[in-house]
Each structure stands twice: as structure tokens, then as C-alpha cells.
Amino acid sequence: MSDQEKIIEFAGLRAGNSLPLMLFGGMNVLESRELALEVAAAYVEVTSKLGIPYVFKASFDKANRSSIHSYRGPGLEKGLEVLAEVKSRFGVPVITDVHEPWQAAPAAEVADIIQLPAFLARQTDLVVAMAATGAVINIKKPQFLAPQEMRHILSKCREAGNDRLILCERGSSFGYNNLIVDMLGFGDMKQTGYPLFFDVTHSLQRPGGRADSADGRRAQVAELARAGVAVGLAGLFLEAHPDPDAALCDGPCALPLDQLEPFLTQLKVLDDLVKGFAPLEIT
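For what it's worth, this note's numbering labels the leading residue of the sequence shown as 3, then goes sequentially.
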């Protein structure tokens, strides 16, 4: 662990770039209570078996859908009830995203981590409201910002009174209707010292690739995840679904739930290998 590495602690877990890989995993949006419990049970079983620190992820509202007719979720009140049940039943921390300042405080009463969406990461009112909760904040890197520019968002959070911060890569816009992941950008963000996660799910998007929603490339999720984990990261952000083609949001990017164990098994082996290497001082 380097002198500048920051370890973020919450709910009995510790996240850091030199520590064993942590997983923020679940589903894109809460579709039903029953499905949330099914997905959470699968993640808990696999991560417990593999010894991977785990946080359940799901959204109560997707406020940035391509179409006004797209499914958004159950809303704040009902969504937090489901997240609270997952947290209680399985004994795991939870993470969810907030889109408006007024949502931050109630979300933080249930969620151990609240997420700052990529499209909103520069919105000062939202950042200040989230910082005021004292909860850990997962900051998604906007598709339109360079990795080095994340320092400004970190500074804004700190100056608003919260230093319990995590960074999360989710791809960068590359022309129209495409995202790419800059592997050198991981190193730039790790230099901040804060734990860095990789949202492999949303990095697979083809924004605007369908008539009224984003398309995706889930067939390539394993190769992209392996590439990211090989850099040496604090954690992975992953969404899965029992039937991705029937998912109500971002199904084209979701890992089939029955592939969760072999998928995570590979990444656990790779993470252990990479973090076992002696550091190379190359200048």
C-alpha cells in the first residue's frame, strides 16, 4: 500500500486499490421486490463462496432514460424499502444513486454508499447535498471528462465536507454512439489515492444505439473486465439479470446471472495474481 493510498471504510468493509477486489453488484433498476431478492441471493452466494467483499447495487429511479416512456423504477420510497429488505435479509451493504439534492438524505438513511451519476457529477447543489449526509460517495466519471479532471470533483466534495470518496470509471465518449475505456486513465485516477472501481457494465454501452434506448455489447463483458482488473483496482461495478433480453433497463449490457460464478472466479484469480506482483518503479 502506498503512502498516498486512501482506504475507505464502511459497514465493516475496507476499499482500497491495493486491497482485494470488492464488488458493487446487482441490477440496473429495481424491477420488483421478488427479482431484487433473487438477484441479491445469487450475488451473496457467489461472493461468499469466492471470498469477495460485496455491496448490493440497484437504482430506485433511472431519471436519465432515453425515452419518456421508458421504465424508471419504483421511486424513492418503495425503492428504499426494497433496498432495506435486501440489506436486512442478506446482511450486506447497499449502494444506490441519487439524481436530485432532496433525495440524498433519505437515500443515505438506507444506503451505505450513495452514487453521484456521471451525467450529474459537476452539479454543485447535488454534490453539496450528498456530501452533507456523511455517507460514502461513489463518483461516476462523466463520459465527457478526462480522467485528470476528476480531481476537481474530488475537491468539490472535500470542500463540501466529505472525504469518504470512491471513483468509478464507466467509459468515455468516442465519437457518436460509442464508448471506450482508456486503460491509462485508470493510472491517472489512481494517483489521487482514492479507491478506483470499474463499471464494466455501462462501459459496454452504445449510447443511442437503439431507437429509444442504449444498445450494448455484453458478449465482451469478460474481456473488458479482465483488462480493467489487470490494472489493479479497488473494485468492480457489475450488473446482472436472470434474463437480460427481458430486463427493463440496460439489458444489452447486463451479465446473464447464471454466468456470475465463472465470471467472478476468473476475475478473483486475476486480481490475486496482479496484486501479488512486486511494484515496478519505472520513471
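Ideal Cβ placement from N, Cα and C applies to all residues, glycine included.
For residue i, the nearest candidate out of the options (CA to CA)
i           : options            : result
residue 59  : 39, 66, 28         : 28
residue 162 : 146, 173, 152, 136 : 136
residue 103 : 116, 112, 96, 94   : 116
residue 275 : 64, 238, 20        : 20
residue 233 : 51, 190, 133       : 190
residue 256 : 9, 10, 31          : 31
residue 208 : 184, 100, 175      : 175
residue 68  : 57, 217, 85        : 217
residue 122 : 206, 111, 112, 143 : 143
residue 152 : 49, 196, 247, 70   : 196
residue 263 : 157, 128, 285, 49  : 49
residue 177 : 145, 75, 284       : 145
residue 172 : 179, 120, 154, 125 : 120
residue 14  : 114, 281, 245      : 114
Delimiting residues of the alpha helix (DSSP H) encompassing residue i
i           : result
residue 93  : No alpha helix (DSSP H) contains residue 93, which DSSP labels as neither H nor E.
residue 231 : 223-231
residue 111 : 103-112
residue 37  : 35-52
Opening and closing residue of the beta strand (DSSP E) in which residue i lies
i           : result
residue 72  : From DSSP, residue 72 is part of no beta strand (DSSP E); its letter is neither H nor E.
residue 138 : 138-142
residue 241 : 237-243
residue 199 : 198-201
residue 319 : This structure cannot speak to residue 319, because the chain is shown only from 3 to 285.
Short CB-CB distance (under 8 Å) between residue i and chain D
i           : result
residue 260 : This model lacks chain D altogether; it includes just one protein chain.
Three-way DSSP call (helix, strand, coil) for residue i in this model
i           : result
residue 289 : This structure does not reach residue 289, given that the chain is present from 3 up to 285, and the question cannot be answered.
residue 283 : coil
residue 258 : strand
residue 273 : helix
residue 130 : helix
residue 265 : helix
residue 20  : coil
residue 65  : coil
residue 11  : strand
residue 86  : helix
residue 248 : helix
Cβ-Cβ distance between residue i and residue j below 8 Å
i           : j           : result
residue 23  : residue 237 : yes
residue 169 : residue 203 : no
residue 63  : residue 78  : yes
residue 254 : residue 220 : yes
residue 231 : residue 272 : yes
residue 26  : residue 97  : yes
residue 94  : residue 130 : no
residue 139 : residue 164 : yes
residue 132 : residue 183 : no
residue 226 : residue 206 : yes
residue 266 : residue 52  : yes
residue 243 : residue 259 : yes
residue 250 : residue 33  : yes
residue 10  : residue 166 : yes
residue 92  : residue 46  : yes
residue 1   : residue 235 : The structure shown does not extend to residue 1, since the chain spans only 3 to 285, so no value can be given for it.
residue 88  : residue 42  : yes
residue 112 : residue 85  : yes
Inset, instruction - At 3 residues or longer, and completely inside the region 149-193: list those beta strand (DSSP E) runs for me, N to C. - result: 167-171
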